[in-house]
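In UniProt numbering, the protein residues as written are 1 to 504.
Glycine included, each C-beta is placed from N, C-alpha and C at the ideal position.
The structure appears right after this line, and notes come after that.
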């Protein structure tokens, strides 16, 4: 089935089956009727108070009201920018300066002083319950921006990836058609809404009349509560990074007997290790396990493959799949297309590719270009295409990495670490295990400092760093050196340090 409009497809369920469950919170369920009516009322408010196409911040965690805000923004013709409530203030301020939003919808309590109009959670409740119902609206459509996800940037300033309605529609139709997704399935919703992996559960679930079962951060962080909750969710579709399922596999009872309804595993955000896939097939023999691949700039994922025992036996490193039908992959070296089996940069072209970074023409020009009359993106990933059409990932071509599913530019952490009061110079390197980033290691030259013990210094640096970067960007290990090694060009020799920490 090919949907033509995201909002119409979701609204369909609110009209024909308003009592159908859309969202299952711990203490209550929310229906498609609620989603339809509340988003319509909020959209009417937005239309009355801000201009069409102006971006809106939606601030919170994994609440039903976040979804209401997303749909309301789209119905009003505005792009939304999801910001997780755990985001450091400095990063939020950077996003505000880049995005210049017209309004902030604060599902969680907003703490930062700003001149931008803020609608509090209490006000949102009143608008959603008592506001006027919308009669005519022009939702986001075609190449208009549907949402903007902010990712790490090399200068320390986040980049806003603009995803259009066309981009999102291409992705959603592909997921619903190619991954054993049936009408009305219950999806795990664990990824923060500020992380584009969440798009892999939100929209396929809502477009197909399914339900979302959120797993809030406080439950994920409590190992005992995590499994008590997981086993009660009756999940049918699992969406997460491989790192999260690795945590779950530490629990011996995480298996198909405890979770018999679980039919589909969808992984994205980082490389799926063979061992993880092998364990899942052993523990969930009746489930389908899919590996997918794609940068945020190409709308969640553009290739996928079901991992079977045959695939495990055939490949040393799991393939990242066959490209979706409407998209083209090219393997290139500079401006030259390479032959099948040759390793080069993965270039993605087609209707999933973003129009570029918000208010950042310089970075947009560096990363995006027109190729064979299609919008194309330089992934910076190395890869090759086999004669069968399978895409094989061969690692990053630069110093951008994936860690726990989050894309991180190492220079971004360098930039913030160098601003810490005890730090003279620093550089971050990844330590790998089985082709996967296991930890981030900081090599640091320190200024004069008052601490007697290294662990005290490390604690102080981490505390200061936590004020400016996300927690997944804080290095796990600190190595203190008198000076950082340099290349012949006088640049910090990060490659040399990467080789050093990965030598054993």
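Item: Is there contact between the region 268-287 and the region 237-250, where contact requires at least three CB pairs shorter than 8 Å?; Value: yes
Item: Can you grab the Cα-Cα spacing for the pair residue 316 / residue 310, in whole Å?; Value: 12 Å
Item: Ignore the nearest five residues each way along the sequence and tell me which others in residue 269's own chain have a CB closer than 7 Å to its CB.; Value: 197, 241, 402 and 405
Item: Can you name the start and end residues of the alpha helix (DSSP H) that residue 475 belongs to?; Value: No alpha helix (DSSP H) holds residue 475; DSSP gives it neither H nor E.
Item: Tell me, please, which residues DSSP counts as bridged to residue 74.; Value: Answer is none; residue 74 lacks a bridge partner.
Item: Thinking C-beta only, is residue 192 closer than 8 Å to residue 84?; Value: yes
Item: Does DSSP put residue 204 in a helix, a strand or coil?; Value: helix
Item: Less than 8 Å between the C-beta atoms of residue 235 and residue 213, yes or no?; Value: yes
Item: Quick check on the DSSP output: the beta strand (DSSP E) that includes residue 383 runs from which residue to which?; Value: 374-385
Item: Note down the Cα distance separating residue 175 from residue 5, rounded to an integer number of angstroms.; Value: 15 Å
Item: Our contact map puts residue 42 next to residue 128 with C-beta atoms below 8 Å; I'd like the distance itself, whole angstroms only.; Value: 6 Å
Item: Using three-state DSSP, classify residue 209 as helix, strand or coil.; Value: coil
Item: Pull up the DSSP beta-bridge partners for residue 264, would you.; Value: 237 and 288
Item: Do residue 189 and residue 412 have their C-beta atoms within less than 8 Å of each other?; Value: no
Item: Would you grab the beta carbon distance between residue 88 and residue 470 for me? Rounded to a whole angstrom, and I think it's under 8 Å.; Value: 7 Å
Item: Suppose the cutoff is 6 Å on Cβ atoms and the five residues either side in sequence are ignored; what does the same chain contact list for residue 50 look like?; Value: 102 and 103
Item: For residue 357, does the three-state DSSP call read helix, strand or coil?; Value: strand
Item: Are the region 21-35 and the region 61-73 in contact at 8 Å, needing three or more beta carbon pairs?; Value: yes
Item: How would you write the range of the beta strand (DSSP E) that residue 429 sits in, first residue to last?; Value: 423-433
Item: Which same chain residues end up closer than 7 Å to residue 418 when comparing Cβ atoms and leaving out the 5 residues on each side of it in sequence?; Value: 425 and 426
Item: Could you tell me if residue 294 is buried or exposed, where buried requires 16 or more neighbouring beta carbons within 10 angstroms of its beta carbon?; Value: buried
Item: Considering only DSSP beta bridges, list what residue 162 is partnered with.; Value: 148 and 356
Item: What number of angstroms, rounded off, separates the C-alpha of residue 75 from the C-alpha of residue 375?; Value: 26 Å
Item: Contact check, residue 105 vs residue 57 under 8 Å by CB: the rounded distance?; Value: 7 Å
Item: Over the uninterrupted alpha helix (DSSP H) stretch that includes residue 139, give me the two end residues.; Value: That residue, residue 139, is in no alpha helix (DSSP H); it is neither H nor E in DSSP.
Item: Out of curiosity, what's the CA-to-CA distance linking residue 395 and residue 459?; Value: 32 Å
Item: Going by other Cβ atoms of all chains shown within 10 Å of its Cβ, with 16 needed for buried, is residue 228 buried or exposed?; Value: exposed
Item: Between residue 91 and residue 99, what straight-line distance do the alpha-carbon atoms span, to the nearest angstrom?; Value: 12 Å
Item: I'd like to check one pair, residue 319 with residue 436: are the Cβ atoms closer than 8 Å?; Value: no
Item: For residue 116, does the three-state DSSP call read helix, strand or coil?; Value: coil
Item: Answer with buried or exposed for residue 11, where buried requires no fewer than 16 other C-beta atoms within 10 angstroms of its C-beta.; Value: buried
Item: Considering Cα atoms alone, identify which of 93, 29 and 73 is closest to residue 63.; Value: 29
Item: Expressed to the nearest angstrom, what Euclidean distance is found between the alpha-carbon atoms of residue 355 and residue 115?; Value: 29 Å
Item: Kindly list the residues whose CB is nearer than 6 Å to the CB of residue 120, restricted to its own chain and excluding five residues on each side of it in sequence; keep chain order.; Value: 106
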